[in-house]
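Peer 1: Residue numbers (this note's numbering), protein chains in the order written: chain D, 16 to 238; chain Z, 16 to 238; chain E, 56 to 278; chain H, 56 to 278.
All residues carry an ideal CB built from backbone N, CA and C; glycine is no exception.
Note that this is a predicted model, so its numbers are computed, not measured.
This structure is in structure tokens; I'll ask about it shortly.
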Amino acid sequence: MKPLSRRQIAWRAAQDIADGAYVNLGIGLPTLVADFIPGDREIVFHSENGILGLGKAPAPEEIDPDLINAGKGAASLLPGGSFFHHNDAFLMIRGGHVDLSLMGAFEVSERGDLANWTTDDPGFPPGVGGAMDLAAGAREVRVLLEHTTKEGQPRLRHRCHYPLTAPGCVKRIYTNFAVIDVTPEGLLVREVVEGMSLSALQEATEPPLTLANDWRLLAAPAV
Amino acid sequence: MKPLSRRQIAWRAAQDIADGAYVNLGIGLPTLVADFIPGDREIVFHSENGILGLGKAPAPEEIDPDLINAGKGAASLLPGGSFFHHNDAFLMIRGGHVDLSLMGAFEVSERGDLANWTTDDPGFPPGVGGAMDLAAGAREVRVLLEHTTKEGQPRLRHRCHYPLTAPGCVKRIYTNFAVIDVTPEGLLVREVVEGMSLSALQEATEPPLTLANDWRLLAAPAV
Amino acid sequence: MIDKRVQSLAEAVAGVRDGATILCAGFGAVGGPDELLDALLEQGAKELVAVSNNAGSGDRGLAALIANGRVRKVICSYPRTDRPHAFEAAFKAGKLELELVPQGTLSERMRCAAAGLGGFYSPVGVGTRLADGKETREIGGRLYVLEKPLKGDVAFCKALRADRWGNLVYRKSARNFNPVMAMAADLTVVQVKEFVALGELDPETIHTPGIFVDRIVKVGGKP
Amino acid sequence: MIDKRVQSLAEAVAGVRDGATILCAGFGAVGGPDELLDALLEQGAKELVAVSNNAGSGDRGLAALIANGRVRKVICSYPRTDRPHAFEAAFKAGKLELELVPQGTLSERMRCAAAGLGGFYSPVGVGTRLADGKETREIGGRLYVLEKPLKGDVAFCKALRADRWGNLVYRKSARNFNPVMAMAADLTVVQVKEFVALGELDPETIHTPGIFVDRIVKVGGKP
């Protein structure tokens, strides 16, 4: 069995982004997606702090302290990009103008409920940032996550045990084992890594899985 | 008795505008106010179609078809002026950022109810424009009007007979006979034109009038 | 590759369906998409609901659509502006429904739709005929009416310049309703005077980011 | 004569009262009014309610106010950003109340106050812990929560340039929360890098019109 690396999960998610899409990338794993957009596609990345047209991370000598991304890292702007205020940035999110929000997740339920903002660690006052706005507002929400916890427990659950970010918002799930769609009939496996049986995948997943008729192998280049 | 001319009513209203005020002038009589601002005061005029810092009407050779005021007449912009969109223009109005709205009126009630948008003429489908936004939203609303109709009927009424623009919004009334404040105790006469007795003024006014202790003569230069 | 430029007015208005709600920008004669609306007349869509500050002026644009019986209903703040004969004739003949909305409420209802909100409480119109039938609520000691989002199927706008991503810049008071309408429709079509290369518009001063724009067409200006 | 320039940081923060709600702009370390907040520490106001995206970073600005026990409550979306030790210590000691608000809702609640609205229905947070105790309502088949306006007694902002009317221009992603906070307080105080002559800012590209601004003070930059 060949589970994907984190970079390969990001690569796989990148392949599904349509040319011309307006996309918001969450902090962490989703951020890597920007590196793997196929060269023939022009994607406009949105940042919640008032940017459209985010480019690659700048070279050290090109860092501008007034230009950061949602993760507070140094950012750059592509030709055609624009700056606007926070209210317009979230109007774009909540109003469904952002086509796609790629987010990380602690857990996803079989109905597409998303939990990704707090693990209720008693020592940590939680932060929510723009997670709920993105989950409730973007035209489509897809998540990238490790299929199981470090202890091997499933992250795809009958219902989320962590507090919800938004109910029923996730449409597609990219993991190190599989690509899975959330459908009205439940979780539908679109792709699975070579050498992993459906029963092995089911064992790592709480809700029942159905294999799509046209399922394929989940493969990614070494990236 | 020396009733004021329309231009004199506008002159009188102009004298009360504080230096530095943000002011919206309604169409008609209030528009004349801009001509009579004392020279030592800097006033920023707001226009509902997205302008702050309206200047004087432009000379014919300086007319710009893309620069009009709320009355759709040619306008000019002062240094320091700015353009913005309709939504921000009305946020400024509704949010109380515009200090003063000077409006015309068909009728004002003793409680400061304003009727200035429709006379319910059956042949005329009415328009409301920004009148209700200004009446409900500006920090202070003052009106300029002829004290009586052409037929001599009072325009200051117990209650408005024409449909309301907003209830209880008018704080000060400028007419050709008097300057009158709307107070919790009723209409208070601040100034009255020379040669007009309070009883003559009362005759031209439906609700009871009280004369302010510090009342003065209402006088305006020939303008 | 993102390229929102289309080659003709016919292409720009293609696909507008009978019964569509169309947002028509402009204030009086300034900033309105007359050429696009003339093309829509050619295109033939009927039973339209037109949202516009004014209900057409003269014999082209919205006025032509009304005169030709293509408009079922107008939602506006001030129907009768300069030369309103098309509106007046249709209204008096009982062929045109009119929904009168205070100007700032009209703008805010479109922004509400653009921002993905379900409604808002406005102080404007409270205690007037235009609040009839609307839910009223006291919040913090003041009365408000509940206003609902107003979304377009199509928005027709006009700008000065655009790049191929659909970023827009307006000129002076021709900005007016254009930015809010551009955000508030499923399909946003913009006529512009000039196309510029990507990157030529200053990212600090783009008035409408391209995320809100679907089609741009050049009208007039240099060939 | 309108001149919103003040000569010192002390003058800029004069009059802020104990118990005031202060809006503190910025996103992470970018666009925040650190010098103004340091001056507020000097000024001595206490029992403050601070509204900010993050709850302070490092040892100055909002973090210093918190470390010195001047802040009773923080309303923010993401308390713990870079070096949040001041927040963490105060929170764990039970000396600081936290109201967590989704980032776009935080921004929209301030705009709601700025626009004179009584509240709005948002889809964000529905079905989550952050909607606990909020009115929920179905509109058009979707669930929304009622959100209330959030108004500041004082807003502290940072801009690149200003003229004496208080017109502001920001730089890149340092714009962020500044425009919405500048609109949403009774008193808006802005630190800028540069004063320019009236008329020097292009009226087409002013980000915050001076109507929203009360005091501007120059910090750093050329003397």
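Sorted by chain position, which residues of the same chain lie with C-beta nearer than 8 Å to residue 250(H)'s C-beta, five sequence neighbours on each side aside?
Peer 2: By one-based count along the fourth sequence, residue 250(H) stands at place 195. The residues are 60, 216, 217, 218, 219, 271 and 273.
Peer 1: Under the rule that 16 or more other beta-carbon atoms within 10 Å means buried, what is residue 238(E), buried or exposed?
Peer 2: By 1-based counting over the third sequence, the position of residue 238(E) is 183. Answer is buried; the Cβ neighbour count reaches 16.
Peer 1: Compute the distance between the beta-carbons of residue 228(Z) and residue 149(Z), then report whether it is under 7 Å.
Peer 2: Taking the second sequence and counting its residues from 1, one reaches residue 228(Z) at position 213. Taking the second sequence and counting its residues from 1, one reaches residue 149(Z) at position 134. No, the pair does not count as a contact, with Cβ atoms beyond the cut-off.
Peer 1: Within 10 angstroms of the Cβ of residue 231(E), are there 16 or more other Cβ atoms? Answer buried if so, exposed if not.
Peer 2: Within the third sequence, numbered from 1, the residue matching residue 231(E) stands at position 176. By the neighbour-count rule (16 or more Cβ atoms within 10 Å), residue 231(E) is buried.
Peer 1: With 7 Å as the limit, tell me which residues of the segment 84 to 113 of chain D have their beta carbon closer than that to any beta carbon of chain E; keep them in chain order.
Peer 2: 92, 94, 95, 96, 97, 98, 99, 106, 107, 109, 110, 111 and 112
Peer 1: Name, in chain order, the residues that DSSP records as bridge partners for residue 79(H).
Peer 2: Here the question's residue 79(H) lines up with position 24 in the fourth sequence. 211(H).
Peer 1: Does the separation of the CB atoms of residue 103(D) and residue 36(D) fall below 7 Å?
Peer 2: Walking along the first sequence from the start, residue 103(D) turns up at place 88. Walking along the first sequence from the start, residue 36(D) turns up at place 21. Against a cut-off of 7 Å, the Cβ pair of residue 36(D) and residue 103(D) comes out as no contact.
Peer 1: By the criterion of Cβ-Cβ separation under 7 Å, what are the contact partners of residue 63(D) in chain H?
Peer 2: Sequence index remark: in the first sequence, residue 63(D) carries index 48 (1-based). Chain H residues near residue 63(D): 158.
Peer 1: Between residue 57(D) and chain E, is any beta-carbon pair separated by less than 7 Å?
Peer 2: Here residue 57(D) refers to the residue found at position 42 of the first sequence. It does: the Cβ of residue 57(D) has a partner Cβ on chain E nearer than 7 Å.
Peer 1: Let me make sure I understand the geometry here. Which of 102(E), 147(E) and 114(E) has the alpha-carbon closest to that of residue 126(E)?
Peer 2: Locating residue 126(E) in the third sequence gives position 71, where the first residue counts as 1. With distances taken between CA atoms, residue 126(E) lies nearest to 102(E) out of 102(E), 147(E) and 114(E).
Peer 1: Is there a Cβ of chain Z sitting closer than 7 Å to that of residue 253(H), yes or no?
Peer 2: Taking the first residue of the fourth sequence as position 1, residue 253(H) is located at position 198. So yes, residue 253(H) belongs to the interface.
Peer 1: At the level of alpha carbons, what is the spacing between residue 181(H) and residue 199(D)?
Peer 2: The count along the fourth sequence starts at 1 and reaches residue 181(H) at position 126. The count along the first sequence starts at 1 and reaches residue 199(D) at position 184. Their backbone Cα atoms lie some 20 Å apart in a straight line.
Peer 1: Report back the beta-carbon spacing between residue 182(D) and residue 202(D) to the nearest angstrom; my notes put them in contact at under 8 Å.
Peer 2: As a working mapping, residue 182(D) is identified with position 167 in the first sequence. As a working mapping, residue 202(D) is identified with position 187 in the first sequence. The pair is not a contact, with the Cβ atoms about 16 Å apart (cut-off 8 Å).
Peer 1: When the Cα atoms are used, what is the spatial distance from residue 278(E) to residue 256(E)?
Peer 2: Position 223 of the third sequence holds residue 278(E). Position 201 of the third sequence holds residue 256(E). Only weak support is given to the placement of residue 278(E): the predicted model assigns it a pLDDT of 48, under 50, and the value that follows is read from those uncertain coordinates. Roughly 20 Å separates the two Cα atoms.
Peer 1: According to DSSP, is residue 278(E) part of a helix, a strand, or is it coil?
Peer 2: The sequence position of residue 278(E) within the third sequence is 223, counting from 1. Note that residue 278(E) scores a pLDDT of 48, beneath 50, so its modelled location is shaky; the value from the coordinates is reported in the next line. Residue 278(E) falls in the coil class under three-state DSSP.
Peer 1: Keeping to the same chain, check which residues put their C-beta closer than 7 Å to that of residue 160(H); ignore five residues upstream and five downstream.
Peer 2: As a first step, residue 160(H) must be located in the fourth sequence, where it is residue number 105. These residues qualify, in order along the chain: 177, 179, 180 and 202.
Peer 1: Residue 270(H) bridges to which residues according to DSSP?
Peer 2: Locating residue 270(H) in the fourth sequence gives position 215, where the first residue counts as 1. Note: residue 270(H) sits in a beta bridge opposite 244(H).
Peer 1: Any heavy atom of the ligand FAD closer than 6 Å to the Cβ of residue 73(D)?
Peer 2: Among the components modelled here there is no ligand, and therefore nothing to report on the ligand FAD.
Peer 1: Output the residue ranges of the alpha helix (DSSP H) runs that lie fully inside the segment 149 to 226 of chain Z and measure 4 residues or longer, sorted by chain position.
Peer 2: Within the segment 149 to 226 of chain Z, the complete alpha helix (DSSP H) runs of at least 4 residues fall at 213 to 218.
Peer 1: On a Cα-Cα basis, can you pick out the residue from 82(H), 156(H) and 72(H) that is closest to residue 85(D)?
Peer 2: Along the first sequence, read from residue 1 onward, the residue named residue 85(D) stands at position 70. Checked all of 82(H), 156(H) and 72(H); the closest Cα to residue 85(D) is 82(H).
Peer 1: Please report how far the alpha carbon of residue 141(D) lies from the alpha carbon of residue 185(H), in whole angstroms.
Peer 2: As a working note, residue 141(D) is residue 126 in the first sequence. As a working note, residue 185(H) is residue 130 in the fourth sequence. If I take the Cα positions, the gap works out to 12 Å.
Peer 1: Hey, would you say residue 143(Z) sits closer than 7 Å to residue 134(E), going by beta carbons?
Peer 2: Here residue 143(Z) refers to the residue found at position 128 when the second sequence is read from its first residue. Here residue 134(E) refers to the residue found at position 79 when the third sequence is read from its first residue. Not a contact, by the Cβ cut-off of 7 Å.
Peer 1: Please list the terminal residues of the continuous beta strand (DSSP E) segment that includes residue 110(H).
Peer 2: Indexing the fourth sequence from 1 puts residue 110(H) at position 55. Here residue 110(H) belongs to no beta strand (DSSP E), and DSSP marks it neither H nor E.
Peer 1: I need the straight-line Cα distance from residue 126(Z) to residue 210(H), nearest angstrom please.
Peer 2: Within the second sequence, residue 126(Z) is the residue found at index 111, counting from 1. Within the fourth sequence, residue 210(H) is the residue found at index 155, counting from 1. Residue 126(Z) and residue 210(H) have their C-alpha atoms roughly 35 Å apart.
Peer 1: Contact between the segment 63 to 72 of chain E and the segment 81 to 98 of chain E is defined here as three or more beta-carbon pairs at a separation below 8 Å; is this criterion met?
Peer 2: yes
Peer 1: Go through its chain and collect everything with a Cβ distance to residue 139(D)'s Cβ below 7 Å, but skip five positions before and after it.
Peer 2: As a position in the first sequence, residue 139(D) is number 124, starting the count at 1. Counting only Cβ-Cβ distances below 7 Å, and skipping sequence neighbours, we find nothing.
Peer 1: In chain D, which residues lie less than 7 Å from residue 227(H) when you measure between Cβ atoms?
Peer 2: By one-based count along the fourth sequence, residue 227(H) stands at place 172. Neighbours of residue 227(H) on chain D, chain order: 79, 81, 82 and 98.
Peer 1: Residues in its own chain within less than 8 Å of residue 146(D) by CB, not counting five upstream and five downstream?
Peer 2: By one-based count along the first sequence, residue 146(D) stands at place 131. Here the set comprises 41, 118, 131, 132 and 180.
Peer 1: Which residues in chain E have a C-beta closer than 7 Å to the C-beta of residue 35(D)? List them in chain order.
Peer 2: Along the first sequence, one-based indexing puts residue 35(D) at 20. By Cβ distance, chain E contributes 57.
Peer 1: Residue range of the alpha helix (DSSP H) that residue 96(Z) falls in?
Peer 2: To locate residue 96(Z), count along the second sequence from 1; it is residue 81. Counting along the chain, residue 96(Z) falls outside any alpha helix (DSSP H), though it belongs to the beta strand (DSSP E) covering 92 to 98.
Peer 1: Assuming residue 25(Z) and residue 51(Z) are in contact, meaning their beta carbons sit under 8 Å apart, how far apart are those beta carbons, in whole angstroms?
Peer 2: In the second sequence, the residue the question calls residue 25(Z) occupies position 10. In the second sequence, the residue the question calls residue 51(Z) occupies position 36. About 6 Å; that satisfies the 8 Å criterion.
Peer 1: Closest by CA to residue 31(Z), which one among 226(Z), 187(Z), 163(Z) and 211(Z)?
Peer 2: Position 16 of the second sequence holds residue 31(Z). Answer by Cα proximity: 187(Z).
Peer 1: I'd like to know if residue 41(Z) contacts chain E, where contact means its C-beta is closer than 7 Å to some C-beta of that chain.
Peer 2: As a first step, residue 41(Z) must be located in the second sequence, where it is residue number 26. Residue 41(Z) does not count as touching chain E.
Peer 1: Buried or exposed for residue 27(H), going by 16 or more other Cβ atoms inside 10 Å?
Peer 2: It is not possible to answer for residue 27(H), since the shown part of chain H is limited to 56 through 278.
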